[in-house]
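A.B. asks: Each residue of the sequence shown is one higher than the one before, starting from 1 at the first, in full-length UniProt numbering.
Don't be surprised by glycine CBs; every beta carbon is placed ideally from N, CA and C.
Below: one structure in structure tokens.
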Amino acid sequence: MADNMDDPEVASQTQHGSLLVSLCTYNERENLRPLIESIHEHAADAHVLVVDDGSPDGTGQLADEMAAADLRVHVMHRAKKMGLGTAILAAMNYAIDQDYEYLLNMDADFSHHPRYIPALRASMDQADVAIGSRYIPGGKVVDWGAKRRVMSWCINTYARTLLRLTPHDTSGSFRCYRVAKLKELDLSLVKARGYAVLQELLYRCRRIGCRFAEVPITFEDRRFGESKINYHEVFAALGGIFRLGVAGGPVRKEAAETVSTG
Numbered sequence: 001m002a003d004n005m006d007d008p009e010v011a012s013q014t015q016h017g018s019l020l021v022s023l024c025t026y027n028e029r030e031n032l033r034p035l036i037e038s039i040h041e042h043a044a045d046a047h048v049l050v051v052d053d054g055s056p057d058g059t060g061q062l063a064d065e066m067a068a069a070d071l072r073v074h075v076m077h078r079a080k081k082m083g084l085g086t087a088i089l090a091a092m093n094y095a096i097d098q099d100y101e102y103l104l105n106m107d108a109d110f111s112h113h114p115r116y117i118p119a120l121r122a123s124m125d126q127a128d129v130a131i132g133s134r135y136i137p138g139g140k141v142v143d144w145g146a147k148r149r150v151m152s153w154c155i156n157t158y159a160r161t162l163l164r165l166t167p168h169d170t171s172g173s174f175r176c177y178r179v180a181k182l183k184e185l186d187l188s189l190v191k192a193r194g195y196a197v198l199q200e201l202l203y204r205c206r207r208i209g210c211r212f213a214e215v216p217i218t219f220e221d222r223r224f225g226e227s228k229i230n231y232h233e234v235f236a237a238l239g240g241i242f243r244l245g246v247a248g249g250p251v252r253k254e255a256a257e258t259v260s261t262g
């Protein structure tokens, strides 16, 4: 089967439980095996979907090997690097098509540690979207310089103000979504394709009345490899947030205030 976005090759189709963990990868071979093993230490029943953007380091091949050995592991191959935003949307559509109850997305480099999965999962009892938050009491970031901290603070403040978002951490991708709510969103309407998809998803979730919860996490810098974010992505995200805020439009049902759990 051809490796492309419209007709993805997906390995290991099986019966599954309620939770799908998505890992969007590009050159994460060194991290992949220990990360998936750690995910299953903290959530033994979880299925894992690796969405790989044609990694030249062999991440996709390793994912295939793991899928062949473990029916909880699934793989979606994309022919080239298409970015985090489209990878997250592809994982969401997969979760909808395969009828999972929850989709939990996390970075594939151990910046988001699997030890927080149980808390995020538990918070879904009172929420439709649970966010692993760096910016509520108990949350923090380690090994970041001043420039990166200021940049993150500015993006979050900008998005919260312009899009009227109640979560404190709008730029982190460590989130658990109720798949039934993703069905309501109509993902075909999501315009962002880069990192701005993170804010747009929260914005669209707010507009359909989703309940938010935030779980404090410690964000740790990656163990291996290089960060994929750059200033071009940052400025593109700011532009996308601005256009979304200006477009506005009627809100079907206002969401409740975000609940912080710990």
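#1: Near Ile36, what residues of its chain come up, given a Cβ to Cβ distance below 7 Å and the 5 sequence neighbours on each side ignored?
#2: Roughly how many angstroms lie between the CA atoms of Cys210 and Glu184, to the nearest whole one?
#3: Under the criterion of a Cβ to heavy atom distance below 7 Å, does Gly194 qualify as lining the ligand GTP?
#4: Where Leu238 and Ala69 are concerned, what is the direct C-alpha to C-alpha distance, given to the nearest angstrom?
#5: Check Val142 in the structure and name its three-state DSSP category.
#6: Using 8 Å as the threshold, is the C-beta distance between Asn31 and Asp143 below it?
#7: What three-state label does DSSP hand Thr14 in the structure shown?
#8: Which value, in whole angstroms, describes the spacing of the CA atoms of Ala122 and Val215?
#9: Compare the Cα-Cα distances from Ala44 to each of Leu20, Ala95, Gln61 and Tyr94 and report the closest residue.
#10: Which stretch, first to last residue, makes up the alpha helix (DSSP H) that contains Arg175?
#11: Work out the CA separation of Leu23 and Ala79 for me, nearest whole Å.
#12: Check this for me: beta carbons of Arg178 and Met92, under 8 Å apart or not?
#13: Measuring CB to CB, does Tyr201 end up less than 8 Å from Leu165?
#14: Distance, Cα to Cα, Thr157 vs Gly60?
#15: From the DSSP output, which residues share a beta bridge with Ala130?
#16: Assign Thr25 to one of three DSSP states: helix, strand, or coil.
#17: Name the DSSP beta bridge partners of Phe242, please?
#18: Who are the Cβ neighbours of Gln199 in its own chain at under 6 Å, not counting the five residues just before and after it?
C.D. replies: If we stick to the structure as given:
#1: The residue labelled residue 36 in the question sits at position 36 within the sequence shown. Here the set comprises Val48, Met66 and Val73.
#2: On the sequence shown, position 210 is the one that residue 210 refers to. On the sequence shown, position 184 is the one that residue 184 refers to. Here the alpha carbons of Glu184 and Cys210 stand approximately 10 Å from one another.
#3: This structure does not include the ligand GTP; it has no bound ligands of any sort.
#4: Here residue 238 refers to the residue found at position 238 when the sequence shown is read from its first residue. Here residue 69 refers to the residue found at position 69 when the sequence shown is read from its first residue. Rounded to the nearest angstrom, the two C-alpha atoms are 42 Å apart.
#5: Here residue 142 corresponds to residue number 142 of the sequence shown, with the count starting at 1. The answer is coil: DSSP assigns Val142 none of H, G, I, E or B.
#6: Counting from one through the sequence shown, the residue named residue 31 turns up at place 31. Counting from one through the sequence shown, the residue named residue 143 turns up at place 143. No, the Cβ-Cβ distance between Asn31 and Asp143 is not below 8 Å.
#7: For the purposes of this step, residue 14 is taken as the residue at position 14 of the sequence shown. Note that Thr14 has pLDDT 39, beneath the 50 cutoff, so the model's placement of it is unreliable and no number is given.
#8: Along the sequence shown, read from residue 1 onward, the residue named residue 122 stands at position 122. Along the sequence shown, read from residue 1 onward, the residue named residue 215 stands at position 215. Cα to Cα, the separation comes out at about 10 Å.
#9: Here residue 44 corresponds to residue number 44 of the sequence shown, with the count starting at 1. Of Leu20, Ala95, Gln61 and Tyr94, the residue nearest in Cα terms is Leu20.
#10: As a first step, residue 175 must be located in the sequence shown, where it is residue number 175. It is not in any alpha helix (DSSP H) - Arg175 instead sits in the beta strand (DSSP E) that spans Arg175 to Arg178.
#11: Along the sequence shown, one-based indexing puts residue 79 at 79. Along the sequence shown, one-based indexing puts residue 23 at 23. The straight-line gap from Cα to Cα measures roughly 16 Å.
#12: For the purposes of this step, residue 178 is taken as the residue at position 178 of the sequence shown. For the purposes of this step, residue 92 is taken as the residue at position 92 of the sequence shown. Here Arg178 is not near Met92, since their CB atoms are 8 Å or more apart.
#13: Walking along the sequence shown from the start, residue 201 turns up at place 201. Walking along the sequence shown from the start, residue 165 turns up at place 165. The amino acid at residue 201 is misidentified as Tyr; the sequence shows Leu. Taking 8 Å as the Cβ cut-off, Leu201 and Leu165 do not qualify as a contacting pair.
#14: Stepping through the sequence shown from its first residue, residue 157 is reached at position 157. Stepping through the sequence shown from its first residue, residue 60 is reached at position 60. Looking at the two C-alpha atoms, the distance is approximately 36 Å.
#15: Start at 1 with the first residue of the sequence shown, and residue 130 comes out as number 130. Under DSSP, the beta-bridge partners assigned to Ala130 are Cys176 and Ala213.
#16: The residue given as residue 25 occupies position 25 in the sequence shown. DSSP places Thr25 in strand when its eight states are reduced to three.
#17: Taking the first residue of the sequence shown as 1, we reach residue 242 at position 242. The partner list for Phe242 (beta bridge, DSSP) is empty, contrary to what the question assumes.
#18: Numbered from 1 along the sequence shown, position 199 holds the residue referred to as residue 199. The residues are Ala159, Thr170 and Ile241.
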